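Here's the structure, in structure tokens; my notes come after.
There are 2 protein chains.
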Amino acid sequence: MIALSRKERDRKLRRADILKAAEHLFALKGYHKATIRDIAKEAQYATGTVYLHFKDKGDLYLALLEGRIKDLLGLFKEGVSSLQSPRQKIEAFVREGLEFFEKNRDFFQIIASEDVESLSEKRFSVSPVGRQIKDYVVSLVKESQKSGFIDKKYDPFQAGEILISMLKTVSMEWLQKEKNKKMNLEQQQNMILGIFFNGVAAK
Amino acid sequence: MIALSRKERDRKLRRADILKAAEHLFALKGYHKATIRDIAKEAQYATGTVYLHFKDKGDLYLALLEGRIKDLLGLFKEGVSSLQSPRQKIEAFVREGLEFFEKNRDFFQIIASEDVESLSEKRFSVSPVGRQIKDYVVSLVKESQKSGFIDKKYDPFQAGEILISMLKTVSMEWLQKEKNKKMNLEQQQNMILGIFFNGVAAK
DNA sequence: CTAATTTATGAACGACTGTTCACAAATAAA
DNA sequence: TTTATTTGTGAACAGTCGTTCATAAATTAG
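Below is the structure:
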């Protein structure tokens, strides 16, 4: 019957409402200070309703992260699919990252803190964000090394982590600035790539 | 009278006991999950005693950070004092940083999360760690630019932040590895400096 | 329309934590 | 030794938050 599918759709909508509110409040207050009550209120439901869709607070948090990571990895792979050279792929990775973070500031705020908080919580023992995105970047670095573009003396894991941390660091500062006094995305992209590939030393 | 000075010394010892326990527990559990009760117990005092030395939990946390930052900045400046070239100063900064983090893992764990958590807490609105250390590094970068060693096209603030984030990122991974399978400090230092100055591109 | 079932509600519960404070112990003064 | 003062103690307090559950509303079935 059709009724069942409408129910399912309604259910997904409610879930999405709650996830959206959760994203906003986790970003604003951090995991510990954001309360289920506040999240429910912002989503315009009663407290208990949240528990109809998520087992507990940790489950809500993980579902939020996992959904967004899926989006982000999708964008990365899509933006890279038509490109050939490893260098272009890394350029695309940085551009897509900056774009996504600019459009999803709440999510950025959350993952910016996620790495570290997860260390102190057994529950999230391995950061799902860190893992998947890092694996992806490492694969790009390895590919670049194979093609001789990135020096083989660097550990691809460390190089990948450094690239990610540069992207995060630059995004952090960038997203805090006023719109007028802000460099544009392309300038940020070029700066990151310039330093990552060639360093800051004067030529 | 001498009695008064002994009292003062005792007071400092108690304060130090509490700070040490606090450092350990904040590192282990994070600011929110570390409780005053646990800290007092680890320091072998009663709960209320903590409040004889610190106004509240936030005051304890800030006192801890400020003390350690003073140590760290002292080390940086000491390690750099005898050096002439800007390049050597930056090299010394990276080495001192790695050394300090290796010897003070608890503190490292805390500052690794401090930047971000502080964003969500009005109380610590401007990270005292971030500010002072960043200012120092920026001054080193500016000096290097004046002497023509670092390309003037890069914003010294951004370049400084990137150097700090590289140091943090590398330290994070480094300090989690087993002692046997770990690169030594000099290798880590050379890797950071190699990428920061010259990038990962093959020559 | 009525009964059965599913879903939403928010007050109540229990656990936890920062902070205080009446009291006790220790120390200094007399 | 006796008294005054400082310092330490941990039970008690007040507030918060995650979670549950009895009840109500809404939806579906008959």
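Quick mapping for you: the protein sequence lines, in order, are chains A and B.
So in the numbering used here, spot 102 of the first sequence is number 102, and the numbers just go up one at a time.
So in the numbering used here, spot 97 of the second sequence is number 1097, and the numbers just go up one at a time.
The beta carbon of each residue, even a glycine, is placed where N, CA and C say it ideally should be.
Computed from a prediction, not measured in an experiment: that's the story for all the values here.
Beta carbon of residue 60 of chain A, beta carbon of residue 22 of chain A: below 8 Å? Numbered from its first residue, the first sequence carries residue 60 of chain A at position 60. Numbered from its first residue, the first sequence carries residue 22 of chain A at position 22. It is a contact, given that the beta carbons lie within the stated cut-off.
Name the chain B residues whose beta carbon is nearer than 7 Å to that of residue 94 of chain A? Within the first sequence, numbered from 1, the residue matching residue 94 of chain A stands at position 94. Correct list: empty, because the minimum Cβ distance to chain B is about 13 Å.
Backbone CA spacing between residue 1145 of chain B and residue 1156 of chain B [nearest angstrom]: Counting from one through the second sequence, the residue named residue 1145 of chain B turns up at place 145. Counting from one through the second sequence, the residue named residue 1156 of chain B turns up at place 156. Spanning the two alpha carbons is a distance of roughly 8 Å.
Can you list, in chain order, the residues of its chain whose CB lies under 7 Å from that of residue 1075 of chain B, leaving out five sequence neighbours each side? For the purposes of this step, residue 1075 of chain B is identified with residue 75 of the second sequence, where counting begins at 1. Result list for residue 1075 of chain B: 1096, 1100, in chain order.
At least one CB of chain B closer than 8 Å to the CB of residue 198 of chain A: is that the case? Taking the first sequence and counting its residues from 1, one reaches residue 198 of chain A at position 198. Yes, residue 198 of chain A counts as interfacial toward chain B.
Short Cβ contact (8 Å threshold) for residue 77 of chain A with residue 83 of chain A: Reading the first sequence from its first residue, position 77 is the one you call residue 77 of chain A. Reading the first sequence from its first residue, position 83 is the one you call residue 83 of chain A. Not in contact: residue 77 of chain A and residue 83 of chain A (Cβ atoms no closer than 8 Å).
Assign residue 186 of chain A to one of two classes, buried (16 or more other C-beta atoms within 10 Å of its C-beta) or exposed (fewer than that). The residue you call residue 186 of chain A lines up with position 186 of the first sequence. The residue is exposed, with fewer than 16 neighbouring Cβ atoms inside 10 Å.
With DSSP as the reference, label residue 43 of chain A as helix, strand or coil. The sequence position of residue 43 of chain A within the first sequence is 43, counting from 1. Here residue 43 of chain A sits in coil by DSSP.
Is DSSP giving residue 201 of chain A helix, strand or coil here? To locate residue 201 of chain A, count along the first sequence from 1; it is residue 201. Strand.
Applying a beta-carbon distance threshold of less than 7 Å, which residues of chain A neighbour residue 1189 of chain B? Sequence index remark: in the second sequence, residue 1189 of chain B carries index 189 (1-based). By Cβ distance, chain A contributes nothing, its closest Cβ being about 13 Å from residue 1189 of chain B, past 7 Å.
Say whether chain A places a C-beta atom closer than 8 Å to the C-beta of residue 1067 of chain B. As a position in the second sequence, residue 1067 of chain B is number 67, starting the count at 1. With 8 Å as the cut-off, residue 1067 of chain B does not count as an interface residue toward chain A.
Express the C-alpha separation of residue 1055 of chain B and residue 85 of chain A in angstroms, rounding to a whole number. Here residue 85 of chain A is taken as the residue at index 85 of the first sequence, counted from 1. Here residue 1055 of chain B is taken as the residue at index 55 of the second sequence, counted from 1. Residue 85 of chain A and residue 1055 of chain B: Cα-Cα distance of roughly 59 Å.
Residue-level contact to chain B via CB, residue 61 of chain A, 8 Å cutoff: Taking the first sequence and counting its residues from 1, one reaches residue 61 of chain A at position 61. Not closer than 8 Å to any Cβ of chain B, the Cβ of residue 61 of chain A fails to qualify, so no.
Taking its Cβ as the centre, do 16 or more other Cβ atoms sit within 10 Å of residue 1025 of chain B, making it buried, or is it exposed? For the purposes of this step, residue 1025 of chain B is identified with residue 25 of the second sequence, where counting begins at 1. Under this definition residue 1025 of chain B is a buried residue.
Any chain A beta carbon closer than 8 Å to residue 1126 of chain B: Taking the second sequence and counting its residues from 1, the one referred to as residue 1126 of chain B is at position 126. With a pLDDT of only 46 at residue 1126 of chain B, under 50, the local geometry of the prediction cannot be trusted, and the value read off the model is given with reservation. Cβ-Cβ to chain A under 8 Å: no for residue 1126 of chain B.
State buried or exposed for residue 1007 of chain B, treating a residue as buried only when at least 16 other CB atoms are found within 10 Å of its CB. As a working note, residue 1007 of chain B is residue 7 in the second sequence. The residue in question, residue 1007 of chain B, is exposed, as its Cβ has fewer than 16 Cβ neighbours within 10 Å.
Assuming residue 110 of chain A and residue 27 of chain A form a contact by the criterion Cβ under 8 Å, report the distance between their Cβ atoms to the nearest whole angstrom. For the purposes of this step, residue 110 of chain A is taken as residue 110 along the first sequence, with counting starting at 1. For the purposes of this step, residue 27 of chain A is taken as residue 27 along the first sequence, with counting starting at 1. Confirmed, Cβ separation roughly 5 Å.
Do residue 64 of chain A and residue 189 of chain A come within 8 Å of each other at the CB atom, strictly closer than that value? For the purposes of this step, residue 189 of chain A is taken as the residue at position 189 of the first sequence. For the purposes of this step, residue 64 of chain A is taken as the residue at position 64 of the first sequence. Their beta carbons are not under 8 Å apart, which means residue 189 of chain A does not touch residue 64 of chain A by this criterion.
Chain A beta carbons: is any one of them nearer than 8 Å to that of residue 1133 of chain B? In the second sequence, counting from the first residue as 1, residue 1133 of chain B sits at position 133. Answer no: the Cβ-Cβ gap between residue 1133 of chain B and chain A never drops below 8 Å.
Residues from the segment 157-182 of chain A in contact with chain B, defined by Cβ distance under 7 Å: 158, 159, 161, 162, 165, 166, 169, 170, 173
Euclidean distance between Cα positions of residue 50 of chain A and residue 151 of chain A: One-based indexing of the first sequence puts residue 50 of chain A at position 50. One-based indexing of the first sequence puts residue 151 of chain A at position 151. Computed Cα separation, rounded: 50 Å.
Residue from A:73, A:45, A:52, A:11 whose Cα sits closest to the Cα of residue 134 of chain A: In the first sequence, the residue the question calls residue 134 of chain A occupies position 134. Cα-wise, what sits closest to residue 134 of chain A is A:73.
Give me the chain B residues within the contact set of residue 32 of chain A, using Cβ-Cβ distance strictly less than 7 Å, ordered along the chain. Taking the first sequence and counting its residues from 1, one reaches residue 32 of chain A at position 32. The contacting residues are 1032.
Throw me the rounded Cβ distance for the residue 1191 of chain B and residue 31 of chain A pair, which I believe falls under 8 Å. Within the second sequence, the letter at position 191 stands for residue 1191 of chain B. Within the first sequence, the letter at position 31 stands for residue 31 of chain A. Not really, about 33 Å apart at Cβ, beyond 8 Å.
For residue 162 of chain A and residue 1047 of chain B, believed in contact at Cβ under 8 Å, the rounded distance: By one-based count along the second sequence, residue 1047 of chain B stands at place 47. By one-based count along the first sequence, residue 162 of chain A stands at place 162. That pair is no contact at about 43 Å.
Shortest alpha-carbon distance to residue 29 of chain A belongs to which of A:14, A:113, A:70? As a first step, residue 29 of chain A must be located in the first sequence, where it is residue number 29. Looking at the Cα atoms, A:113 is the closest of the given residues.
Closest Cβ-Cβ distance between residue 151 of chain A and chain B: below 8 Å? One-based indexing of the first sequence puts residue 151 of chain A at position 151. Taking Cβ atoms only, chain B reaches closer than 8 Å to residue 151 of chain A, which makes this a yes.
Amino acids of chain B, ordered along the chain, whose beta-carbon sits closer than 8 Å to that of residue 195 of chain A: Against the first sequence, residue 195 of chain A aligns to sequence position 195. Ordered by position in chain B, the residues that pass the 8 Å Cβ test against residue 195 of chain A are 1154, 1159, 1162, 1196, 1199.
Report yes or no: is there a C-beta of chain A within less than 8 Å of the C-beta of residue 946 of chain B? Residue 946 of chain B is absent from the structure shown; chain B starts at 1001 and stops at 1203.
Would the beta-carbon of residue 1069 of chain B fall within 8 Å of that of residue 1132 of chain B? Counted from its first residue, the second sequence places residue 1069 of chain B at position 69. Counted from its first residue, the second sequence places residue 1132 of chain B at position 132. Yes, these two residues count as a Cβ contact at 8 Å.
Spatial distance of residue 1202 of chain B from residue 1019 of chain B (CA atoms): Position 202 of the second sequence, counting from 1, holds the residue named residue 1202 of chain B. Position 19 of the second sequence, counting from 1, holds the residue named residue 1019 of chain B. The alpha-carbon atoms of residue 1202 of chain B and residue 1019 of chain B are separated by roughly 47 Å.
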